[in-house]
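Protein chains in written order, with the working numbering: chain R, 11 to 340; chain C, 11 to 340; chain P, 11 to 340; chain X, 11 to 340. Virtual Cβ for every residue (Gly too), placed ideally from N, Cα, C.
Protein chains: 4
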Amino acid sequence: MATVSIVAASGYTGQETLDRVLAHPRLDLVAVGSDSLAGEPASALDPRLNRNGGRRVPVFITNEAALACGADVTFACLPHEEAAALEPPARGVLVDLSGAHRFADPGVYEQWYGFSHPRPAELRGWSYGLPELSPPHGTLIANPGCYATAALLALGPLKDAVEPASVVVDAKSGMTGAGRSLKPSTHAGLVLENVSPYKVGEHQHAPEIAQLLGFDVSFVPHLLPVRRGLLATCYMRSTGADLRTLLDEFYAGSEVVTVLPEGTTPELGRVQHTDAAEIGVFRDRCTDRTIIVCAIDNLGKGAAGQAVQNVNRLFGWAETEGLRLSGVLV
Amino acid sequence: MATVSIVAASGYTGQETLDRVLAHPRLDLVAVGSDSLAGEPASALDPRLNRNGGRRVPVFITNEAALACGADVTFACLPHEEAAALEPPARGVLVDLSGAHRFADPGVYEQWYGFSHPRPAELRGWSYGLPELSPPHGTLIANPGCYATAALLALGPLKDAVEPASVVVDAKSGMTGAGRSLKPSTHAGLVLENVSPYKVGEHQHAPEIAQLLGFDVSFVPHLLPVRRGLLATCYMRSTGADLRTLLDEFYAGSEVVTVLPEGTTPELGRVQHTDAAEIGVFRDRCTDRTIIVCAIDNLGKGAAGQAVQNVNRLFGWAETEGLRLSGVLV
Amino acid sequence: MATVSIVAASGYTGQETLDRVLAHPRLDLVAVGSDSLAGEPASALDPRLNRNGGRRVPVFITNEAALACGADVTFACLPHEEAAALEPPARGVLVDLSGAHRFADPGVYEQWYGFSHPRPAELRGWSYGLPELSPPHGTLIANPGCYATAALLALGPLKDAVEPASVVVDAKSGMTGAGRSLKPSTHAGLVLENVSPYKVGEHQHAPEIAQLLGFDVSFVPHLLPVRRGLLATCYMRSTGADLRTLLDEFYAGSEVVTVLPEGTTPELGRVQHTDAAEIGVFRDRCTDRTIIVCAIDNLGKGAAGQAVQNVNRLFGWAETEGLRLSGVLV
Amino acid sequence: MATVSIVAASGYTGQETLDRVLAHPRLDLVAVGSDSLAGEPASALDPRLNRNGGRRVPVFITNEAALACGADVTFACLPHEEAAALEPPARGVLVDLSGAHRFADPGVYEQWYGFSHPRPAELRGWSYGLPELSPPHGTLIANPGCYATAALLALGPLKDAVEPASVVVDAKSGMTGAGRSLKPSTHAGLVLENVSPYKVGEHQHAPEIAQLLGFDVSFVPHLLPVRRGLLATCYMRSTGADLRTLLDEFYAGSEVVTVLPEGTTPELGRVQHTDAAEIGVFRDRCTDRTIIVCAIDNLGKGAAGQAVQNVNRLFGWAETEGLRLSGVLV
């Protein structure tokens with residue numbers, strides 16, 4: 011068992027992390043932080059915090075207190091810039107679900123995130139934890155972005171088998187990816203009956219994808235009128251190898267990532283509300299490109315589920331402990 | 011004035027064509043065909059057919075009768091294979107909104123449409139009518155596909171200015187693009203909270219795009235949980251020219267196609283329920299690609315609106331007569 | 011012709027009013043007000059304001075200037091409390107689309123709107139303009155609420171034929187009814203895959219319905235995951251008369267309100283984007299109640315369309331001039 | 011432990027029942043029936059049937075075989091008329107999730123279901139199992155309808171405290187309530203941007219509600235553009251007692267049904283994907299009615315979850331064993 015604290019639990023990512031922690035047989039929630047809800051009953055966020063008298067988290071505490079509570083694992087679900095300023099706790103593992111520690115190069119923050127990183131020297135102390143491709147190590151874990159996760163699950167195992175200049179990633183995400191705060195782009199009047207490309211050619215997950223692959227790709231995200239789920243449609247040219255075979259072999263032992271048989275298309279419905287990923291591989295009849303489609307839940311494998319999977323790996327537990335691995339097409 | 015007959019008016023495309031004809035000051039509807047509704051009051055499809063006693067279309071007639079009624083303009087909204095077998099009427103203009111006459115090469119039908127064309131020798135007598143790029147002429151007009159329209163509005167003016175091998179078209183459409191007939195893919199249970207790539211790398215609009223451009227591109231369509239509207243996100247490398255400048259110049263005089271100013275993104279809401287198109291041009295910060303996004307209404311500029319625009323051109327009327335050119339973001 | 015000014019044009023109601031004014035052959039837009047957009051090009055709101063060089067509205071002016079510009083007709087689309095404080099312009103007709111002048115009794119504002127009316131003595135100078143039931147007169151017109159419109163179109167003609175104590179109105183509205191401002195209830199994360207009852211038993215349209223009927227009813231509104239359209243399902247007991255016959259007779263001459271034949275159910279799709287209303291009448295097999303369902307577009311007959319219809323009446327023009335009366339099930 | 015067979019597993023209700031059985035620690039799936047899928051791998055429906063080699067259900071068998079396989083518990087998810095003709099298996103418990111055995115009076119089937127019941131004499135041998143109000147007993151269990159469940163959870167505990175003639179139930183359901191078969195009403199083109207009242211005043215759940223209450227109510231269902239979730243808005247007059255107090259007391263010990271504190275409104279988001287129910291109680295400010303809103307998941311507490319809850323009761327296990335009781339507002 012490991013004790014857990016969640017910092018900034020009231021956003022979508024925080025709440026979904028809370029859900030995974032409560033369902034995990036080896037994680038023991040001891041603190042839930044939220045500056046806006048400090049002092050209020052924790053059950054306002056999740057009714058399960060009300061039911062079992064045994065829980066030690068009857069009320070929200072401040073984020074500062076949650077960070078300092080000495081838990082074995084701290085999940086930080088803060089906005090990028092606030093997370094960048096975090097002083098890691100004296101003990102335990104810190105998993106940052108923001109983008110604040112995903113890059114070794116502090117210059118990325120000025121160019122892509124719009125702020126100068128306040129603790130640039132420490133960035134190299136963080137481990138980018140994408141279990142299938144870049145297993146976490148140490149005590150400071152940067153959890154990947156949702157778009158980057160989907161793109162990298164498709165492209166990572168193929169990075170030496172594709173022409174770098176040929177790769178395009180066109181991604182579509184449910185609107186929970188845009189967060190719970192109020193802004194015009196998440197007003198239902200602009201989301202319903204719509205699909206919105208945004209930050210076209212300049213989204214901060216592009217350098218995250220490039221960092222792991224070792225080369226740049228074109229990347230455009232779109233917001234969908236769905237609550238959750240994310241699809242990355244990836245276009246590429248092979249340098250010779252059969253890309254399906256490479257993916258089949260790479261994910262052969264995985265319970266999290268499924269490479270679908272030929273002719274089967276990933277379905278958002280099967281991965282929504284789960285921490286699993288589905289990959290479909292297609293040959294383009296017109297050109298010599300291969301098209302690979304990866305589907306995940308942006309809040310599951312794209313955030314909270316992956317954070318817990320990283321912890322499972324770090325602690326040496328079964329990789330899928332506490333994860334949700336099957337959805338239903340209903 | 012020109013008299014109009016609509017063949018197979020009861021599908022989405024037929025109904026939308028009917029709407030444009032009723033709103034057009036120079037088109038006079040004289041017949042509405044539907045084999046399934048023959049004999050029933052035409053007002054069942056559109057209440058306007060009830061109101062003005064002067065209308066000559068109180069009841070549906072058969073498609074055969076609608077085709078033979080001697081109208082100046084006949085719009086055929088049949089399924090591909092049925093449309094391919096059509097004997098053109100003895101007089102007047104025939105606009106085929108299906109894919110049955112879009113290709114000069116009959117081989118495309120076997121490879122991409124799944125049927126052998128029954129009248130291959132006549133294909134060369136048809137004109138592919140995409141007014142901005144391939145103005146209609148003669149009396150047999152093949153109206154373009156919705157995806158092809160969006161892709162070609164973005165790519166057509168640039169075909170000599172981009173690297174052919176660099177072009178990728180990732181498109182997303184409202185589900186009316188899948189038609190009114192009942193099939194699993196249009197069951198709301200699979201459409202809501204979902205986005206579905208389909209016919210990945212093998213959709214029949216790929217060769218249609220290639221025919222006009224003169225080279226092949228990669229194309230993947232996706233079905234969205236919206237009723238109408240279509241977005242094509244196009245990735246390409248320029249061979250040198252500034253692509254925005256080329257598009258600005260090409261569409262300078264157009265009332266139908268708007269090239270948005272830098273930094274402005276196409277919005278489905280502004281083109282839904284219209285026959286207009288919006289194009290946004292973006293520079294990719296990571297690679298040397300340009301990204302061009304084109305938004306149309308799949309049933310407007312992507313079908314019925316374009317059919318009427320073709321007729322306006324053929325008859326020498328103002329190009330936008332009877333078209334709907336502005337939507338609202340509401 | 012009449013000149014028109016719109017105050018607070020940038021919300022949903024203002025924008026939709028602008029749309030109707032631009033489409034109206036006898037209305038000549040001369041001013042568009044918005045405090046937040048003052049000085050910006052008016053075409054930002056509607057591209058039609060850009061196209062015709064002849065338009066006199068190249069930029070937004072302040073709401074105060076729009077109110078004082080001396081137009082023949084001023085449409086005010088302000089929030090309730092701001093509208094209540096308005097000094098009517100010296101000349102012309104003022105149509106208030108808010109709830110600020112719908113009640114003769116100022117006490118309603120304290121009880122139901124949460125503010126004390128700043129100009130209570132003037133309330134009796136306003137005319138409640140619901141053309142079919144309470145035709146507008148004079149120069150100060152209070153435009154009805156969207157829910158009240160749907161409920162009253164169904165119940166108004168029957169007010170002497172039903173048992174007052176039996177009436178229940180359960181209404182469902184598209185989320186544009188909640189306005190364009192950012193609040194948790196319009197965040198897409200709470201709108202998608204949801205239906206939200208709100209202000210249960212305490213919504214301010216309840217006294218509005220009661221004022222015209224002369225008796226209280228139970229009323230609960232719900233927010234739907236749709237952009238526009240509103241359905242009111244009304245339950246009542248007749249005191250003897252056949253309610254369908256009464257409605258048929260009452261709306262016999264109307265081009266705006268259609269009483270559907272027996273067995274036909276109102277469809278949101280047929281009234282969305284229109285200023286029309288549909289009414290269906292049903293007998294309850296279990297009890298002696300009659301169930302009447304009324305469908306409108308909340309922004310059309312429920313707001314902007316009705317405002318223009320009121321103006322048509324006041325100026326003695328054809329009632330449906332400039333209105334949109336037919337939608338399509340697409 | 012009890013062995014389980016599912017008859018007609020491939021519909022929405024069947025698939026959801028399968029999900030609950032797989033998650034239940036005391037249920038051991040031994041057969042999955044589907045006439046259309048017989049012979050195909052069971053993992054096509056749910057990938058979990060693939061993973062654990064230990065499972066005894068590698069392929070679908072026919073419904074007849076699934077019924078005859080001697081399981082301790084058989085869940086039948088057939089259409090009403092097919093279920094009515096079922097010969098109960100020789101041993102074990104049979105839970106019918108259709109409406110075929112919910113009525114003691116066979117006349118209801120002719121009047122409301124459109125068929126004459128083929129085994130009318132056996133109807134009295136079935137127990138209507140709504141655990142909170144009508145606990146199951148014996149071996150033949152009729153599982154309640156989704157609308158009836160929501161209405162009865164709100165009204166059942168109050169049936170002696172309300173005026174029968176005052177009760178109106180206005181319900182709204184996600185479209186999975188309409189089933190997986192293809193019909194115009196479930197085509198996404200009619201579901202998106204729409205809300206559809208249907209079978210107005212003549213839905214077969216009306217007599218089901220009446221049978222348990224002992225009096226008739228008015229009932230109108232509406233189809234929503236959401237996948238799952240159901241809300242029943244119930245209007246009633248008390249004969250004197252405080253209805254909130256009665257509900258609070260009735261559900262005080264329940265882990266499945268939560269009566270929300272004053273001012274809190276049921277949220278579909280909190281019950282979707284769960285087997286729980288939420289009830290909100292409101293006073294109507296205009297009339298002397300009380301308004302009670304009940305939210306459930308139509309496939310959870312409205313179908314599969316309740317079926318498993320009935321089995322838990324019958325076998326004397328903890329009532330909530332294997333149930334999903336908390337959702338998240340994400």
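Exercise. Report buried or exposed for C:K193, applying the criterion of at least 16 other Cβ atoms within 10 angstroms of its Cβ.
Key: exposed
Quiz item: Would you say C:T297 reaches chain R, if we count a Cβ-Cβ gap shorter than 8 Å as a contact?
Solution: yes
Quiz item: Any chance the segment 322-329 of chain X sits against the segment 14-25 of chain X, with 3 or more Cβ pairs inside 8 Å?
Solution: no
Exercise. Pull up the distance between the alpha-carbon of X:G80 and that of X:D38, whole angstroms please.
Key: 13 Å
Self-check item: Assigned secondary structure, R:R129 (DSSP; H/G/I helix, E/B strand, else coil)
Solution: coil
Practice problem: For R:Q341, go through chain C and note every residue whose CB falls closer than 9 Å to its CB, in chain order. | Solution: The structure shown does not extend to residue 341 of chain R, since chain R spans only 11 to 340, so no value can be given for it.
Exercise. Check whether the Cβ of X:P57 lies closer than 8 Å to any Cβ atom in chain C.
Key: no
Exercise. Output the boundary residues of the beta strand (DSSP E) element that contains C:C79.
Key: Note, C:C79: premise wrong, no beta strand (DSSP E); not H, not E.
Quiz item: Taking the alpha-carbon positions, what's the C:Y138 to C:Q221 distance?
Solution: 10 Å
Self-check item: Ranges of the alpha helix (DSSP H) found wholly within the segment 183-246 of chain P, counting only runs of at least 4
Solution: 198-201 and 215-223
Quiz item: Taking the alpha-carbon positions, what's the X:R293 to P:A114 distance?
Solution: 26 Å
Practice problem: Closer than 7 Å by C-beta to P:G63: which residues in its own chain qualify, once you throw out the five before and the five after it? Chain order, please. | Solution: The predicted model places P:G63 with a pLDDT of 48, which falls under 50 and marks its position as unreliable, so this point remains unresolved.
Exercise. Can you give me the Cβ contacts of R:V236 inside the same chain, cut-off strictly under 8 Å, excluding the 5 residues immediately before and after it?
Key: G184, M185 and L278
Self-check item: Cβ separation of P:H197 and R:T196, assumed to be a contact under 8 Å, to the nearest whole Å
Solution: 5 Å
Quiz prompt | Interface flag, P:S336 vs chain C, CB-CB below 8 Å | solution = yes
Quiz item: Does the segment 310-321 of chain P come close enough to the segment 168-176 of chain P that 3 or more CB-CB pairs lie under 8 Å?
Solution: no
Quiz item: P:L77 to P:A94, Cα distance in whole Å?
Solution: 14 Å
Practice problem: Ignoring anything shorter than 3 residues or poking outside the segment 248-272 of chain P, list the beta strand (DSSP E) runs there in chain order. | Solution: 267-269
Self-check item: Span of the beta strand (DSSP E) around C:G290
Solution: A287 to R293
Quiz item: To which residues of the same chain is X:P342 closer than 6 Å at the C-beta, ignoring the five residues directly before and after it?
Solution: Chain X is shown only over 11 to 340; residue 342 of chain X falls outside these bounds and no answer can be derived.
Exercise. Can you grab the Cα-Cα spacing for the pair R:P276 / C:T159, in whole Å?
Key: 27 Å
Self-check item: Neighbouring residues, chain X, relative to C:T186 (Cβ below 8 Å)
Solution: G199
Practice problem: Could you confirm whether any beta carbon from chain P is found closer than 8 Å to the beta carbon of C:G63? | Solution: At C:G63 the pLDDT is 48, less than 50, meaning the model places this residue with poor confidence; the figure from the coordinates comes in the next sentence. It does not: the Cβ of C:G63 has no partner Cβ on chain P nearer than 8 Å.
Quiz item: Checking contacts by CB at 8 Å: is P:Y245 closer than that to chain X?
Solution: yes
Quiz prompt | Whole-number beta carbon distance between C:F225 and C:P271, since they are thought to touch under 8 Å | solution = About 30 Å separates the two Cβ atoms, so there is no contact after all.
Quiz item: Which residue comes first and which comes last in the beta strand (DSSP E) that contains X:D29?
Solution: Premise fails: X:D29 lies in the alpha helix (DSSP H), Y22 to L32, not in any beta strand (DSSP E).
Quiz item: Is R:S53 near the ligand FAD, judged by its Cβ being under 7 Å from some heavy atom?
Solution: With respect to the ligand FAD, the structure shown offers nothing to examine, as it has no ligands at all.
Exercise. Kindly list, in the order they appear in chain X, the residues whose Cβ is closer than 8 Å to that of P:Y208.
Key: T275
Quiz item: By how many angstroms is the C-alpha of C:V67 removed from the C-alpha of C:D29?
Solution: 14 Å
Exercise. Please determine, among X:Y261, X:A152, X:A262 and X:V291, the residue with the shortest C-alpha to C-alpha distance to X:G273.
Key: X:V291
Quiz prompt | Where X:A158 falls: helix, strand or coil (DSSP) | solution = helix
Quiz prompt | Cα-Cα separation between P:G189 and P:N73, rounded to whole angstroms | solution = 18 Å
Quiz item: I think R:T13 touches R:C87, with their Cβ atoms under 8 Å apart; what is that distance to the nearest whole Å?
Solution: Not quite, the Cβ-Cβ distance comes to about 17 Å (not below 8 Å), so this is no contact.
Practice problem: Report the partner residues of C:V67 according to the DSSP bridge assignment. | Solution: C:V67 pairs with nothing; no bridge assigned.
Quiz prompt | Cβ-based contacts, 8 Å cut-off: residues of the segment 223-252 of chain R near chain P | solution = P235, V236 and R237
Quiz prompt | Residue-level contact to chain X via CB, P:V303, 8 Å cutoff | solution = yes
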